[in-house]
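Below: the structure, in structure tokens.
Protein chains: 2
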Amino acid sequence: MATIKDVAKLAKVSISTASYALNNQPNVHPDTRKRILEAAETLHYTPHFSARNLKTKKTGNIGVFIYGFSGPIFSDVLEGIRQYLQDNGYNIIVSSGRASTTLLLERQVDGAIIFDSNITDDVLRTYAKNGSPIIVLDRYLTSDNIFSSVIDNEGLVKDFMSVILKKGYQKCAYLSGPEDSFNNNHRYVGFKDALHEAGIKDHLYYKGDFTVQSGYDIGKVVAIGENRPDFVYCANDESAIGFARALKEEGLRIPDDVAIAGFDNIQMVDFIHPKLTTIGIDHFMWGKHVADTIVNIIDHGTKDRLNQPEGRIYWRESC
Amino acid sequence: MATIKDVAKLAKVSISTASYALNNQPNVHPDTRKRILEAAETLHYTPHFSARNLKTKKTGNIGVFIYGFSGPIFSDVLEGIRQYLQDNGYNIIVSSGRASTTLLLERQVDGAIIFDSNITDDVLRTYAKNGSPIIVLDRYLTSDNIFSSVIDNEGLVKDFMSVILKKGYQKCAYLSGPEDSFNNNHRYVGFKDALHEAGIKDHLYYKGDFTVQSGYDIGKVVAIGENRPDFVYCANDESAIGFARALKEEGLRIPDDVAIAGFDNIQMVDFIHPKLTTIGIDHFMWGKHVADTIVNIIDHGTKDRLNQPEGRIYWRESC
DNA sequence: TTGTAAGCGTTATCAG
DNA sequence: CTGATAACGCTTACAA
Numbered sequence: 001m002a003t004i005k006d007v008a009k010l011a012k013v014s015i016s017t018a019s020y021a022l023n024n025q026p027n028v029h030p031d032t033r034k035r036i037l038e039a040a041e042t043l044h045y046t047p048h049f050s051a052r053n054l055k056t057k058k059t060g061n062i063g064v065f066i067y068g069f070s071g072p073i074f075s076d077v078l079e080g081i082r083q084y085l086q087d088n089g090y091n092i093i094v095s096s097g098r099a100s101t102t103l104l105l106e107r108q109v110d111g112a113i114i115f116d117s118n119i120t121d122d123v124l125r126t127y128a129k130n131g132s133p134i135i136v137l138d139r140y141l142t143s144d145n146i147f148s149s150v151i152d153n154e155g156l157v158k159d160f161m162s163v164i165l166k167k168g169y170q171k172c173a174y175l176s177g178p179e180d181s182f183n184n185n186h187r188y189v190g191f192k193d194a195l196h197e198a199g200i201k202d203h204l205y206y207k208g209d210f211t212v213q214s215g216y217d218i219g220k221v222v223a224i225g226e227n228r229p230d231f232v233y234c235a236n237d238e239s240a241i242g243f244a245r246a247l248k249e250e251g252l253r254i255p256d257d258v259a260i261a262g263f264d265n266i267q268m269v270d271f272i273h274p275k276l277t278t279i280g281i282d283h284f285m286w287g288k289h290v291a292d293t294i295v296n297i298i299d300h301g302t303k304d305r306l307n308q309p310e311g312r313i314y315w316r317e318s319c
Numbered sequence: 001m002a003t004i005k006d007v008a009k010l011a012k013v014s015i016s017t018a019s020y021a022l023n024n025q026p027n028v029h030p031d032t033r034k035r036i037l038e039a040a041e042t043l044h045y046t047p048h049f050s051a052r053n054l055k056t057k058k059t060g061n062i063g064v065f066i067y068g069f070s071g072p073i074f075s076d077v078l079e080g081i082r083q084y085l086q087d088n089g090y091n092i093i094v095s096s097g098r099a100s101t102t103l104l105l106e107r108q109v110d111g112a113i114i115f116d117s118n119i120t121d122d123v124l125r126t127y128a129k130n131g132s133p134i135i136v137l138d139r140y141l142t143s144d145n146i147f148s149s150v151i152d153n154e155g156l157v158k159d160f161m162s163v164i165l166k167k168g169y170q171k172c173a174y175l176s177g178p179e180d181s182f183n184n185n186h187r188y189v190g191f192k193d194a195l196h197e198a199g200i201k202d203h204l205y206y207k208g209d210f211t212v213q214s215g216y217d218i219g220k221v222v223a224i225g226e227n228r229p230d231f232v233y234c235a236n237d238e239s240a241i242g243f244a245r246a247l248k249e250e251g252l253r254i255p256d257d258v259a260i261a262g263f264d265n266i267q268m269v270d271f272i273h274p275k276l277t278t279i280g281i282d283h284f285m286w287g288k289h290v291a292d293t294i295v296n297i298i299d300h301g302t303k304d305r306l307n308q309p310e311g312r313i314y315w316r317e318s319c
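Which chain is which? The protein sequence lines are A and G, in order.
Taking our numbering, the leading residue of the first sequence gets 1, the next gets one more, and so forth.
Taking our numbering, the leading residue of the second sequence gets 1, the next gets one more, and so forth.
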């Protein structure tokens, strides 16, 4: 692997002059610059990341740490982040599991966007203390270098449920996600708030885990059970899809026998029958906004608050 | 940020002794080791990645470079890779776009798994020349440090189509993916081979792009067109799902009026109606195998050939 | 305009 | 068992 030393030697200049030329510094004679650049070219020179980083303290990397690689919701956020970063001279590094913490602690990134509730607040605080900014997307947590932008789960679901109740649905059920999920819990609060405000005391509750399979399994037992709701709010689209499938297999009509709705507006909801009414976030724009913010913090030291991502109801056929 | 120097000072030893202790080297007195470890603890010491890497030439990172963050197929491969690496002391770093090439060239990874046809063979060869192993999953390419493991698209689709033809379907169509896609092209070859062997000269061809939307759009025009096939093989499940949806909306019955099948066996195919017959790869195991291989190459210099991922037909209701 | 040299935080060689 | 010290590849005062 060619080093800057090799380039300097080939171009017959000192290492520092080579460095200046390679970094587009002004004070170097056009001719020497040309020679240096050519030498670098013929040697296929690429600067060594660690060596540069050791001096400059800059990695050029932004980490995005997610809790798993599955789930259609991530992809849009990631793509938004990726596009923005690519256009602004940063690399995106996404990781999951223990690797994330390592990347943070060892300073392989200049900043991080967190979408992984397994990374503890403590680790984040430790890292942020060293001056590197962090944006959390999955919890409320702010401090000197920690910023947060979370979905308004509560408000969105509450508003939606208010409309649903006005439509006359009475016997409502909530199909949950994992009970330690930030999103699930806030959606449930919104759900209950709306019922409370409408003076409805009771509701049914099914414990799911955000997967199609869990929705399906629960749907099967609900369909044949006696205490059937006329509306069930599913904590995400995937479980709603499974739930709907089970109901249909058992001969129930949606929305006539039981109406349903979900959260996320994943692509698939437009291709099932009946098309699913749901609440959607503009994930792509959210990703861009978040990336924009972290780059500005790093490059210019700005400390603006982040916006909440935009969300709205997509009315379709399922209720 | 605490450095090893700080740790040494606090423990009242030299830097080198601190280094030995921190790296579990044998020749250090239990008592001093204890003091050093405690000092590291209280200072929240974490070794600096770049400094260590500069000396050792080891990053502990494996890069996985994908062409985009969308698509349900990736997630399982990634999860398989991630789990294996996590259990074997490596970090997974996934990236996409220009960032990938940067990570490669700047040696921020000890090896790379490529799932991105936008990275040219040349870049891969340049990198591999420096001794770092590469595994390509999306093309045939081998050289000294480049290994490849690709799906047997051709064989799988051909075998499948042979069965289909034996079932009596006559007028077959192929709904393609992007025409520069490795997977699409090999699947198409398999499709044509089977027809050829069965003595069938003609087939219909629809140009898609692997998305649900494209399948849907094409389905709409095929459904009302006159020259309707009785079987259409879709290059992937997502386009098959869109295609099926369109047919149903136009009042056609699957598989009676037209039978369909796909490729990938994504989770959703089990939750649409009718359930989709498809060809599936064990992506998770594939990921593990690939990760296992690259770790062995790096750690032990082994140069075994990779296995093809396992694939099989999942017969369901759509044909 | 170019060169010399210090230093970033580690590891590893060599003495002690 | 422990401690100086060189070296990894690069950037950046400072000197020439």
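Backbone N, C-alpha and C define an ideal beta-carbon position, used for all residues, glycine too.
Small disclaimer: the values here were computed from a predicted structure and weren't measured.
Compare the C-beta of Tyr-84 (chain G) against all C-beta atoms of chain A and say whether one is closer than 8 Å.
So no, Tyr-84 (chain G) is outside the interface.
Below 8 Å on the Cβ atoms is my guess for Leu-247 (chain G) versus Ile-241 (chain G); work out the distance and round it to an integer in Å.
The Cβ separation is near 11 Å, so there is no contact.
Give the residues from the stretch 98 to 127 of chain A that approach chain G closer than 8 Å (Cβ to any Cβ), ordered along the chain.
Correct list: Arg-98, Ala-99, Thr-102, Leu-103, Leu-105, Glu-106, Arg-107, Gln-108 and Thr-126.
Can you tell which of G:Val-212, G:Glu-106, G:Tyr-206 and G:Phe-210 has its C-alpha closest to the C-alpha of Val-320 (chain G)?
Since the first residue shown for chain G is 1 and the last is 319, residue 320 (chain G) is missing from the structure and cannot be characterised.
Taking the alpha-carbon positions, what's the Ser-117 (chain G) to Gln-25 (chain A) distance?
Answer to the nearest angstrom: the Cα atoms are 35 Å apart.
Given this structure, state the Cα-to-Cα distance separating Asp-282 (chain G) from Gly-80 (chain G), to the nearest angstrom.
So the two alpha carbons sit approximately 10 Å from each other.
For a contact meaning CB atoms closer than 8 Å, what does His-48 (chain G) contact in chain A?
Those within 8 Å of His-48 (chain G) in chain A are Leu-54, Glu-106 and Arg-107.
Kindly provide the ranges of any alpha helix (DSSP H) runs that are 4 or more residues long and lie completely inside the stretch 180 to 243 of chain A, ordered along the chain.
Segments of the alpha helix (DSSP H) lying fully in the stretch 180 to 243 of chain A: 182 to 197 and 212 to 224.
Measure the Cβ-Cβ separation of Met-161 (chain A) and Phe-210 (chain A) and say whether it is below 8 Å.
No, they are not a contact pair.
With the cut-off set at 8 Å, would you say Phe-327 (chain G) and Ile-218 (chain G) are in Cβ contact?
One cannot answer for residue 327 (chain G) here, as it falls past the ends of chain G, which runs 1 to 319.
Should Ser-16 (chain G) go down as buried or exposed, given a rule of 16 or more other Cβ atoms within 10 Å for buried?
Per the 10 Å Cβ criterion, exposed.
With a threshold of 8 Å, are at least 3 pairs of Cβ atoms found where one atom belongs to the stretch 61 to 72 of chain G and the other to the stretch 97 to 117 of chain G?
Counting Cβ pairs under 8 Å, three or more are found: they touch.
Under a Cβ-count criterion, where at least 16 other Cβ atoms within 10 Å of its own Cβ denotes burial, should Gly-177 (chain A) be classed as buried or exposed?
So Gly-177 (chain A) counts as buried.
With three or more C-beta pairs closer than 8 Å as the rule, is the stretch 261 to 271 of chain A touching the stretch 228 to 240 of chain A?
Yes, they touch.
The beta strand (DSSP E) that contains Leu-276 (chain A), what's its start and end?
First-last for Leu-276 (chain A): undefined, no H or E at that position.
Please classify Pro-30 (chain A) as buried or exposed, where buried requires at least 16 neighbouring CB atoms within 10 angstroms.
Exposed is the call here.
DSSP three-state call for Asn-61 (chain A): helix, strand or coil?
It is a strand residue.
Buried or exposed for Trp-286 (chain G), please, with buried defined as at least 16 other CB atoms from any protein chain shown within 10 angstroms of its CB.
By the 10 Å Cβ count, Trp-286 (chain G) comes out buried.
Does DSSP classify Asp-264 (chain G) as helix, strand or coil?
It is a strand residue.
Under 8 Å, do Asn-153 (chain G) and Asn-183 (chain G) count as touching if we go by C-beta distance?
Yes; because the gap between Cβ atoms is below 8 Å, this pair is in contact.
Would you mind stating whether Glu-317 (chain A) and Lys-288 (chain A) have Cβ atoms separated by less than 8 Å?
Contact flag unset, no.
Ordered along the chain, which non-local residues of its own chain (more than five positions away) have a Cβ less than 7 Å from that of Ile-298 (chain G)?
Closer than 7 Å at Cβ, skipping near neighbours: Asp-110, Gly-111 and Pro-133.
For the ligand GTP, any of its heavy atoms closer than 7 Å to the Cβ of Ala-8 (chain A)?
Judged by which ligands are present, the structure shown has none, so any question about the ligand GTP falls away.
Determine whether the Cβ of Gly-219 (chain A) lies closer than 8 Å to any Cβ atom of chain G.
It does not: the Cβ of Gly-219 (chain A) has no partner Cβ on chain G nearer than 8 Å.
Alpha carbon to alpha carbon, how far is Ser-181 (chain A) from Gly-208 (chain A)?
Going by the C-alpha atoms only, they are around 11 Å apart.
Given a threshold of 16 other Cβ atoms within 10 Å of its Cβ, counted over all protein chains shown, does Glu-106 (chain G) qualify as buried or as exposed?
Buried is the call here.
Show which residues of chain A have a CB atom less than 7 Å away from the CB atom of Ala-51 (chain G).
Chain A residues near Ala-51 (chain G): Leu-54.
Leu-43 (chain G): which of G:Val-77, G:Ser-50 and G:Ile-4 sits nearest, CA to CA?
Ranking G:Val-77, G:Ser-50 and G:Ile-4 by Cα distance to Leu-43 (chain G) puts G:Ile-4 first.
Is the CB of Phe-322 (chain G) under 8 Å away from at least one CB in chain A?
What is shown of chain G runs 1 to 319, which leaves residue 322 (chain G) out entirely.
For Gly-242 (chain A), which residues in chain G fall below 7 Å Cβ to Cβ?
The answer, in chain order, is Phe-271.
Assign Gly-60 (chain A) to one of two classes, buried (16 or more other C-beta atoms within 10 Å of its C-beta) or exposed (fewer than that).
Flag for Gly-60 (chain A) reads buried.
Where does the unbroken beta strand (DSSP E) through Tyr-314 (chain G) begin, and where does it stop?
Counting along the chain, the beta strand (DSSP E) containing Tyr-314 (chain G) begins and ends at 311 to 314.
Name the chain A residues whose beta carbon is nearer than 9 Å to that of Glu-79 (chain G)?
Under the 9 Å cutoff, chain A gives Gly-68, Phe-69, Ser-70 and Ser-96.
For Cys-172 (chain A), which residues does DSSP report across the bridge?
The partner list for Cys-172 (chain A) (beta bridge, DSSP) reads A:Phe-231.
Going by CA-CA distance only, name the one from G:Tyr-90, G:Ser-19 and G:Thr-56 that's closest to Thr-320 (chain G).
Only positions 1 to 319 of chain G appear in this structure, which leaves residue 320 (chain G) out of reach.
According to DSSP, which residues form a beta bridge with Ala-259 (chain A)?
Answer is A:Phe-231, bridged to Ala-259 (chain A).
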